[in-house]
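Numbering (this note's numbering), first residue to last: 244 to 609.
All residues carry an ideal CB built from backbone N, CA and C; glycine is no exception.
Values in this document were obtained by computation on a predicted structure and should not be read as measured data.
Below is one structure, written out as structure tokens, with a few remarks after it.
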Ligand code: AMP
């Protein structure tokens, strides 16, 4: 099948890598020939690149939710697009996500809509600080957020984010951050990966740990219940990720990504079918594959800003290096390392050996 991907970053690259063994062909609508996926298939970079992609593709998918729905509407009469528009429409906007969570009885962080500095000041007066001012759209890797700890920061926060739709969200005093990656096929079958723990630093994901040995079955079940309600409500086809906070009162939904996700990269080396292959299988109407983990412990460490000492990674027998063919630049995701292990000690030792890839002040507790 000919698969068209909107975007040509690392997610598009890894989707294509997983789809070639299934005899699929790939093309991308991207910005330039230096992008991560550029050598993995046909690149359409001219002005009408989405139309050209539609001419090539039997099915179109996307690697980011930040795309203009109007552009998709031009091509959807003649080309199948998965996941469908509803998944994209909801996950492009924090308030639409929260409305969906409410409808499905999924707990979420309380919020207030903010349209002016006056409204922000009044919301701050009526909220227990800290709170987070967030743009409703286009936020990723901590961008589009202002962390408010005192009343006199109202103007500063407003000046930074004004002229965009905003919400003031309650701060959630979480113990851990989790995500669950799930996949749904055209026959309504859903499969779920292991709930994983994510550690962020400066709003960017640094490390994901899948601990299969000590899995909390109650939490896993709750996460599966929430994510399957979302998948079914959206009639979603493909992979979808739900990010959550674990609090003393249980899981609280943060946001949805209607796509493969950074916290699912561990599945390339440590699940029977990776998130990338399962997304490709689902959108090409193939049966989706088993999502079970193949190791008791897995860590995914993002390589950010500098490629670093990759010889160290290559010499370690239980590590797997994935580079994205991107230029080094501050805070840019350049690749990731998957470490597989069958004991906690083995995993800890390997992470310790690779700690030059992590910021100094990041603490990993497995
Ligand atoms: P987001 O773009 O909403 O995923 O936020 C990025 C990161 O900021 C999250 O992974 C959390 O670490 C933190 N964060 C976002 N919203 C909240 C919140 N309401 N309470 C506490 N931390 C948050």
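Among the options, which one has its Cα closest to the Cα of residue i?
i, options, result
"residue 416", "366, 492, 433 and 362", "492"
"residue 594", "556, 568 and 547", "556"
"residue 359", "496, 341, 400 and 390", "400"
"residue 253", "263, 283, 266 and 247", "283"
"residue 520", "456, 405 and 425", "425"
"residue 356", "350, 507, 412 and 529", "412"
"residue 392", "405, 367, 377 and 381", "367"
"residue 504", "530, 383 and 371", "383"
"residue 303", "289, 480, 364 and 554", "480"
"residue 501", "270, 324 and 299", "324"
"residue 435", "352, 561 and 517", "517"
"residue 455", "507, 609, 540 and 407", "540"
"residue 419", "387, 496 and 258", "496"
"residue 427", "347, 396, 522 and 354", "522"
"residue 601", "375, 314 and 447", "447"
"residue 390", "381, 403 and 380", "403"
"residue 331", "314, 346 and 442", "314"
At which residues does the beta strand (DSSP E) containing residue i begin and terminate?
i, result
"residue 562", "562-566"
"residue 427", "419-427"
"residue 500", "493-500"
"residue 540", "540-547"
"residue 441", "439-444"
"residue 409", "409-413"
Can you tell me where the alpha helix (DSSP H) with residue i in it begins and where it stops?
i, result
"residue 332", "328-334"
"residue 257", "253-262"
"residue 510", "510-513"
"residue 298", "292-299"
"residue 519", "518-526"
"residue 348", "No alpha helix (DSSP H) holds residue 348; DSSP gives it neither H nor E."
"residue 466", "460-477"
Rounded to the nearest angstrom, how far is the Cβ of residue i from that of residue j, given a contact under 8 Å?
i, j, result
"residue 248", "residue 268", "Incorrect: roughly 11 Å between the Cβ atoms, too far for contact."
"residue 571", "residue 577", "6 Å"
"residue 544", "residue 597", "6 Å"
"residue 293", "residue 317", "7 Å"
"residue 466", "residue 487", "7 Å"
"residue 271", "residue 286", "5 Å"
"residue 251", "residue 273", "3 Å"
"residue 329", "residue 477", "5 Å"
State buried or exposed for residue i, treating a residue as buried only when at least 16 other CB atoms are found within 10 Å of its CB.
i, result
"residue 439", "buried"
"residue 469", "buried"
"residue 536", "buried"
"residue 464", "exposed"
"residue 579", "buried"
"residue 342", "exposed"
"residue 335", "buried"
"residue 586", "exposed"
"residue 372", "exposed"
"residue 526", "buried"
Report the residue ranges of all alpha helix (DSSP H) runs contained in full by the stretch 354-379; include only those spanning at least 4 residues, in chain order. 360-368
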